[in-house]
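Under my numbering, think of the first position of the sequence shown as 1, with each following residue one higher. First comes the structure, then the notes that go with it.
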Amino acid sequence: MLDTCVYIDLALLSPADLPAVPELTAITFAELQQGVSMARDPVSRASRLEVLGAAMADFDPLPFDAAAAARYGTLVTLTIAAGRQPRPRRIDLMIAAVASAHGLPLYTRNVADFRGLGSAVEIIGV
Numbered sequence: 001m002l003d004t005c006v007y008i009d010l011a012l013l014s015p016a017d018l019p020a021v022p023e024l025t026a027i028t029f030a031e032l033q034q035g036v037s038m039a040r041d042p043v044s045r046a047s048r049l050e051v052l053g054a055a056m057a058d059f060d061p062l063p064f065d066a067a068a069a070a071r072y073g074t075l076v077t078l079t080i081a082a083g084r085q086p087r088p089r090r091i092d093l094m095i096a097a098v099a100s101a102h103g104l105p106l107y108t109r110n111v112a113d114f115r116g117l118g119s120a121v122e123i124i125g126v
């Protein structure tokens, strides 16, 4: 599973550091859409639309379903147990929950965002 930041930076990363069959979540699609909506100028908006369009063309996103929702609760509990606040990490935890529910490792450029999750989800820094 690719975290949103990894998908955005795909061109900068070595394919050897990524999964053979990458996956995205519907949450990532939502984050990409948010990026388009929040663009401050037409050039940024156009660039972000291209990234979103490519994701939509190339991936059938994994949904945030009941299994992911249950796993999300576990990840929130682990986050609190690690002395961290889950609220600012909701989106990251939802993406991690989808990965975990599907038994997939999560590839991210922001490993620290997932600190405290233990073995509930495999986090791979790229």
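All residues carry an ideal CB built from backbone N, CA and C; glycine is no exception.
Best match in Y107, I27, A69, V121 for proximity to M56 [C-alpha to C-alpha]: I27
Per-residue burial, V121 [other beta carbons within 10 Å of its own, 16 or more giving buried]: buried
According to DSSP, residues forming a beta bridge with Y72: None; Y72 has no bridge partner.
Assigned exposure category for T79 - 16 Cβ within 10 Å defines buried: buried
One or two residues paired with I80 in a DSSP bridge: According to DSSP, which records beta bridges pairwise, I80 is partnered with nothing at all.
Inter-stretch contact (C-beta, 8 Å, three-pair minimum) for the segment 81 to 88 and the segment 11 to 25: no
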